[in-house]
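Chains as they are written, first to last, in the numbering used here: chain B, 1 to 298; chain F, 299 to 625; chain L, 626 to 873.
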Amino acid sequence: MDTLTLILLDGIAFASWLFLVSAGLTFAYGVLRILNIAHGSLYAIGAYTGATLAGLVLHSGANPFLAYPVLVGAALLVGLALGPLLERGFLRRVYDQEEVITLLLTFAIFLILEDGMKLVWGVSPIIVAEPYALLGQLPLAGVTYPVYSFLLTGVAIVAGLALWVVIDRTRFGKLITSVIHDREISAALGVNVPRICTVAFTGAAMLAALGGAFTAPMVSVTPGISADVIVLAFAVTVIGGLGNISGGAIGALLVGLLRATAIQFFPALDLFVVYALMAVILLVRPEGLFGGVEVRRI
Amino acid sequence: MRGAQVSRTLAGAAPWLAVLLALAILPRLLPDWLGFLLTVAFAKALVVLGVAVLLRSNLVSFGHGLYFAAGAYTVGFAAKWLHLREAVLLIFGAVVVSGALAALLGLFLARYRGIFFGMLTLAFSMILYSLLLRLYWLTGGTDGMVTAPPTILGVVPGAAAGRAHYYLTLVCLALALALTRRWLGSPLGYLASAIRDNEIRVEYMGASVRQGIYRTYLLSGVLGGLGGCLVAFSVGHIAPEFSYWTQSGDFVFVTVLGGYASVFAPVMGSVVFELVRNYAYALSPYTWQMSLGAILLLIVLFLPRGLWSLLAPRAPVSSPWTSSSRR
Amino acid sequence: MDVVLEAVGLAKSFGAVKAADDLSVRISSGQIVGIVGPNGSGKTTFLNLVTGYLSPARGQIYYLGKEITGLHPRQVTRLGVARSFQVPQLYTSLTVLENMLVALVIRSGRQGDCWRALRTRARLAEARRLLEKFGFGDESGQVVRTLPEGGRKLLDVALSFALGPRLLLLDEPTSGVSAAEKFRVMDTLIGVIRESGVTSVFVEHDMDVVQRYAERVLVFSEGRIIADDPPGALFADPIVRRYILGEE
Ligand SMILES: Nc1ncnc2c1ncn2[C@@H]1O[C@H](COP(=O)(O)OP(=O)(O)OP(=O)(O)O)[C@@H](O)[C@H]1O
Ligand SMILES: [Mg+2]
Numbered sequence: 001m002d003t004l005t006l007i008l009l010d011g012i013a014f015a016s017w018l019f020l021v022s023a024g025l026t027f028a029y030g031v032l033r034i035l036n037i038a039h040g041s042l043y044a045i046g047a048y049t050g051a052t053l054a055g056l057v058l059h060s061g062a063n064p065f066l067a068y069p070v071l072v073g074a075a076l077l078v079g080l081a082l083g084p085l086l087e088r089g090f091l092r093r094v095y096d097q098e099e100v101i102t103l104l105l106t107f108a109i110f111l112i113l114e115d116g117m118k119l120v121w122g123v124s125p126i127i128v129a130e131p132y133a134l135l136g137q138l139p140l141a142g143v144t145y146p147v148y149s150f151l152l153t154g155v156a157i158v159a160g161l162a163l164w165v166v167i168d169r170t171r172f173g174k175l176i177t178s179v180i181h182d183r184e185i186s187a188a189l190g191v192n193v194p195r196i197c198t199v200a201f202t203g204a205a206m207l208a209a210l211g212g213a214f215t216a217p218m219v220s221v222t223p224g225i226s227a228d229v230i231v232l233a234f235a236v237t238v239i240g241g242l243g244n245i246s247g248g249a250i251g252a253l254l255v256g257l258l259r260a261t262a263i264q265f266f267p268a269l270d271l272f273v274v275y276a277l278m279a280v281i282l283l284v285r286p287e288g289l290f291g292g293v294e295v296r297r298i
Numbered sequence: 299m300r301g302a303q304v305s306r307t308l309a310g311a312a313p314w315l316a317v318l319l320a321l322a323i324l325p326r327l328l329p330d331w332l333g334f335l336l337t338v339a340f341a342k343a344l345v346v347l348g349v350a351v352l353l354r355s356n357l358v359s360f361g362h363g364l365y366f367a368a369g370a371y372t373v374g375f376a377a378k379w380l381h382l383r384e385a386v387l388l389i390f391g392a393v394v395v396s397g398a399l400a401a402l403l404g405l406f407l408a409r410y411r412g413i414f415f416g417m418l419t420l421a422f423s424m425i426l427y428s429l430l431l432r433l434y435w436l437t438g439g440t441d442g443m444v445t446a447p448p449t450i451l452g453v454v455p456g457a458a459a460g461r462a463h464y465y466l467t468l469v470c471l472a473l474a475l476a477l478t479r480r481w482l483g484s485p486l487g488y489l490a491s492a493i494r495d496n497e498i499r500v501e502y503m504g505a506s507v508r509q510g511i512y513r514t515y516l517l518s519g520v521l522g523g524l525g526g527c528l529v530a531f532s533v534g535h536i537a538p539e540f541s542y543w544t545q546s547g548d549f550v551f552v553t554v555l556g557g558y559a560s561v562f563a564p565v566m567g568s569v570v571f572e573l574v575r576n577y578a579y580a581l582s583p584y585t586w587q588m589s590l591g592a593i594l595l596l597i598v599l600f601l602p603r604g605l606w607s608l609l610a611p612r613a614p615v616s617s618p619w620t621s622s623s624r625r
Numbered sequence: 626m627d628v629v630l631e632a633v634g635l636a637k638s639f640g641a642v643k644a645a646d647d648l649s650v651r652i653s654s655g656q657i658v659g660i661v662g663p664n665g666s667g668k669t670t671f672l673n674l675v676t677g678y679l680s681p682a683r684g685q686i687y688y689l690g691k692e693i694t695g696l697h698p699r700q701v702t703r704l705g706v707a708r709s710f711q712v713p714q715l716y717t718s719l720t721v722l723e724n725m726l727v728a729l730v731i732r733s734g735r736q737g738d739c740w741r742a743l744r745t746r747a748r749l750a751e752a753r754r755l756l757e758k759f760g761f762g763d764e765s766g767q768v769v770r771t772l773p774e775g776g777r778k779l780l781d782v783a784l785s786f787a788l789g790p791r792l793l794l795l796d797e798p799t800s801g802v803s804a805a806e807k808f809r810v811m812d813t814l815i816g817v818i819r820e821s822g823v824t825s826v827f828v829e830h831d832m833d834v835v836q837r838y839a840e841r842v843l844v845f846s847e848g849r850i851i852a853d854d855p856p857g858a859l860f861a862d863p864i865v866r867r868y869i870l871g872e873e
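This is the structure we're talking about:
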C-alpha cells in the first residue's frame, strides 16, 4: 500500500517536473518546427538565476516566503532576456533549413551557454534549499511527503493552464495556431509571423527557465545539469507527439509513473525505462501518442 | 590497352600513396602528445565517416555514440570475460558486434526519416547509455573500464605502444576510406543520393528505399564500431559517456565541420576538431566548449558544406541541404 | 489482341470529392491512349491508382491478366509499368546522366551492389544512347536542378522509358513545355514509343496534341470516363465539343 502511494506521489512529482521542463520544448517545436537543444541550457540558467536571486532574498532577512515569487520572477527575467536574443539572433536564420542544420545550431548555442554559465556562476555547486525545506513534510496515506513536490505539481498545472488559455482563448493564440498550421498562408494573410515566432520562443524560454528555477531548491545546481534534462525533455516531447502540448502532459505522466515504478522495483533501470518507452512509442506510433500524419501528394 | 589502364590507375593512386607515406613518417617528427591526438582523431574520423554516409541520404543519426560505445565495450568485455587481447581479433569482434546491432536496429530505423530518425537513434543510444551506466557490476558504471593495450598480431608493443596504435589506426582508416570511397561510387552509393533527392522516384523505378537505407545504415554502424574499438585501444579507458547524446552530437558536429562531399572530409574535420579542442582546453579550461560552439555556429551559418568546401568548392555531388526537393 | 491493363469499377474519394467513381477501362497491347478532362477530373488519380500509389476503395486492377490491386508502386514498376509525373520527380542534385544511370542500374536489379562501380562503360554507353533519343546532348553533365522545366519534363519521361516497361503512363508530358516546342517534344516522344511498341497512356490538356498523337481518347469527368473513342469520332461529337472544348 505504502509502495503504491509512493509510486503515485513520486510519479506525479516527477511528471510535474518533466512537464515543466518539456512544455516549452514542445511548444517551440509546434510553432517554429525547431527541436531546441539549448532548451536544456535555458533550464539551467533558470536554475542558476532562481537560486541566486532566492539566495539574495533569503540572506537579506526578508520574509522567506518571498523566495517563491522570486523564483517565478527569475524565470520570466531569463526568458525575456534570452528568448528574443536567441530567436532573433540565430534561430530565425535557419527556419527553412534542413533538420541537421537547425539541430546543430541549437547544439552550438548549447555549447556556448554551457560555458557561459561557468563564467558567470563558477563551477562549484550552488545550493539554496530553504524554499524546499520551508514547506516541510505532509503525512499522507501512511507516508510523509515533501510539500514542495505538491507546489511543483501546482506550478506545472498553472503553467499548463496558462499555456492552454493563451493558445485556446486569446486572439494571440489564434494567430499562433494559424502559424503552427501553415506559416506561409498565415504570412500571406497578413499575420506578423516573425513577431509570433519571437513571442512564442520567448514563452518557451520562460517555461524552460521556470522549470529550472523550481528545480533549483531540490538539487545542487552544478554545471552539466542541462545535458541530462534535454534528453529527458526530448523523450517526453516525442512520446506525447512532437509539438502537441496536451500530449506532452500525458507523456510526462506516463514517464513519471513508469520511472517511479522502476525506482521502487528495479532501481538500476530508472533511466532505461524512460528511453525504452521513448523507443517503443517511436516504433509503434512515430507521430507520438497524439500526433497526426501527413501524406504527400504527387 | 591494359598497360595504359594500369599506369593510369597507378597515376591516380600516386597522390594517395604520397599522403599515406607522409602520414606514416609523421609520428617520427611529431611530439608524442600530437601523435596521440592524431590517433584519436583518426579513430573518431571513422565514426564521423559513418555519420557522413547517412547524411548523404539526409538521415541525421543523433545516436552514433551507440556504435562508438558498442565497439569500445566489445574490447572491454572481450578482455574481461574472454581474456582476449589480440587487436586483430578485437577489431573483428567490434565489427561483428556493431554490424549485428546495426542489422537489428536498422530493421526499425529504415522506416524513419527526418526528425523521427534522429530521435529514434537518440533513444537507442540513450538506452545503451543507461544500461552501461547503471549495470555497474557488469560495466563498471560511471567509472567505465580500463582496457589494457592490445597485442598486435601477437606482438606486445610495450614502450612503443603509442606509435603502434597510430599505425594500427592509420591502416584501419586507410582501408575504411578506400572501401567507403568505392561504396560511394557504386550503385548503392548513388542510390543513397537518389533516396535523398526523391524517394518516390526511387520506388517508381522499382528499387526499395528501405533496403537502400538499411544497407547504408549497416555500413555506418560498422564504421562507428570500428572507431570505438580503436579509441579503446589507444586511450585505454572507456566510459558510458561514449554513448551519451553529447558524444553523438559531437560526431554530427564534426561531420558538418568537415563536410561530406568526399570521404576525406570527415578525416579533416576530425583532426581539426581534436586540435581546436586541445588548444582551446589548454588556453582556457572553462571555455573550450564555448570556442567549439562558436566555431559550430559559424560553420552552420556561413559554411554549411563544411571545411572541405573551401578546398573543393565544386563537389561532384552537392550537399543535400542545398537541394529543395524534400521540403 | 491481349489486354495489357484492365481496371474494373475503381472508386476513390477524398472527403466529398469523388476522384474515381466506378471507373472501368481496358487497354490493349500496343495502343497509344490519350486521356483528357478538366482540372480535378481524376486523371492523375487514375494513374496513382493503377501504379499503387493510392489504393482504391473499391474495384480491381489487372495487368497482363494478373491482379495487381494493392501492390506498391515498386512492385507494380517491377512488373513492367512505368510512369512519369505531372510535376517531374527527379534526382535534382545528380546530373542528367547520373539520373539515367540510376534508372538503368535499378532496371538491371543491381542497385544493391556496393562494390562495383556505377559508371561501367556499357552502362554509360546505354545511358548516352537513351538520352540522345530524347534529345539530350550536352546537357548530360548538367545537374538536374539547373535544367529548364521543359528539359525536366522530358527527362522524367526518359527515365520511365529507360526502365523498359510494357506499359508506359505519362502524366501531362508537355505541360511546362512552351507552345512552340510542344509538337517537337511530342514528335520525339511518340517516335520513341512507336519504335519500341510499348503500350502507352498519356494525359494531355492540349486537344490538338491529343488529336494528332492518340489512337484512342478517354474523356474524364468527375472521376468517370464519359467518352471513349478514336479522336476523329470524338471531336465530331457535339456534346464532347461542348464539355471538353468549352465550345457553344
Ligand atoms: N491526395 C489527395 N488528397 C486530397 N484530395 C486529392 C488528392 N489527390 C487528388 N485529390 C482531389 O481529387 C480530385 C482529382 O484530382 P486529380 O489530381 O486526379 O485531377 P486531375 O484530373 O489530374 O487534374 P489536373 O488536370 O489538375 O492535373 C481533385 O479534386 C483533387 O483535389
Ligand atoms: Mg493531374
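Idealized CB from N, CA, C, for every residue including glycine.
Measuring only the C-alpha atoms, how far is residue i from residue j?
i: residue 66 of chain B; j: residue 22 of chain B; result: 26 Å
i: residue 619 of chain F; j: residue 153 of chain B; result: Below a pLDDT of 50, predicted positions are generally treated as unreliable, and residue 619 of chain F, at 33, falls in that range; no measurement from the model is reported.
i: residue 634 of chain L; j: residue 646 of chain L; result: 8 Å
i: residue 542 of chain F; j: residue 363 of chain F; result: 6 Å
i: residue 500 of chain F; j: residue 630 of chain L; result: 23 Å
i: residue 391 of chain F; j: residue 373 of chain F; result: 8 Å
i: residue 351 of chain F; j: residue 32 of chain B; result: 28 Å
i: residue 310 of chain F; j: residue 491 of chain F; result: 25 Å
i: residue 589 of chain F; j: residue 89 of chain B; result: 18 Å
i: residue 718 of chain L; j: residue 570 of chain F; result: 28 Å
i: residue 218 of chain B; j: residue 244 of chain B; result: 28 Å
i: residue 339 of chain B; j: residue 9 of chain B; result: Look at the range of chain B in this structure, 1 to 298, and you will see that residue 339 of chain B is not part of it.
i: residue 831 of chain L; j: residue 274 of chain B; result: 59 Å
i: residue 707 of chain L; j: residue 792 of chain L; result: 6 Å
i: residue 80 of chain B; j: residue 200 of chain B; result: 11 Å
i: residue 114 of chain B; j: residue 377 of chain F; result: 36 Å
i: residue 669 of chain L; j: residue 510 of chain F; result: 28 Å
i: residue 513 of chain F; j: residue 507 of chain F; result: 10 Å
i: residue 770 of chain L; j: residue 253 of chain B; result: 48 Å
Could you please give the first and the last residue of the uninterrupted beta strand (DSSP E) stretch that includes residue i?
i: residue 639 of chain L; result: 628-639
i: residue 794 of chain L; result: 792-796
i: residue 844 of chain L; result: 841-846
i: residue 827 of chain L; result: 824-828
i: residue 683 of chain L; result: 683-688
i: residue 138 of chain B; result: 137-140
So with Cβ pairs under 8 Å, would you call residue i a contact of chain F?
i: residue 254 of chain B; result: no
Are the C-beta atoms of residue i and some chain L residue less than 8 Å apart?
i: residue 511 of chain F; result: no
i: residue 356 of chain F; result: no
Hey, could you find the ends of the alpha helix (DSSP H) residue i is sitting in?
i: residue 836 of chain L; result: 832-838
i: residue 194 of chain B; result: 193-215
i: residue 781 of chain L; result: 774-787
i: residue 450 of chain F; result: Unbroken run through residue 450 of chain F: none, as it is neither H nor E.
i: residue 464 of chain F; result: 459-482
i: residue 799 of chain L; result: Element bounds for residue 799 of chain L: n/a, residue is neither H nor E.
Taking only beta carbons into account, state which residues of the segment 410-427 of chain F come closer than 7 Å to chain B, listed in chain order. 410, 412, 413, 414, 416, 417, 418, 420, 421, 422, 424 and 425
So which residues touch the region around ligand 3, with touch meaning a C-beta under 5 Å from any heavy atom? As for ligand 3, it is missing from this structure, which binds only ligand 1 and ligand 2.
Looking at chain A, which residues of the segment 80-100 of chain B have a Cβ within less than 8 Å of any of its Cβ atoms? Included in the structure are the protein chains B, F and L, with no chain A among them.
Report the residues of the segment 463-487 of chain F with a CB closer than 8 Å to any CB of chain L, ordered along the chain. 480, 481, 483, 484, 485, 486 and 487
Going along the segment 175-193 of chain B in order, which residues come within less than 8 Å of chain F, judged by CB to CB distance? none
Closer than 9 Å, Cβ to any Cβ of chain F: which residues of the segment 650-683 of chain L, in chain order? 676 and 678
Check each residue of the segment 203-222 of chain B: if its Cβ is closer than 8 Å to any Cβ of chain F, include it; give the result in chain order. none
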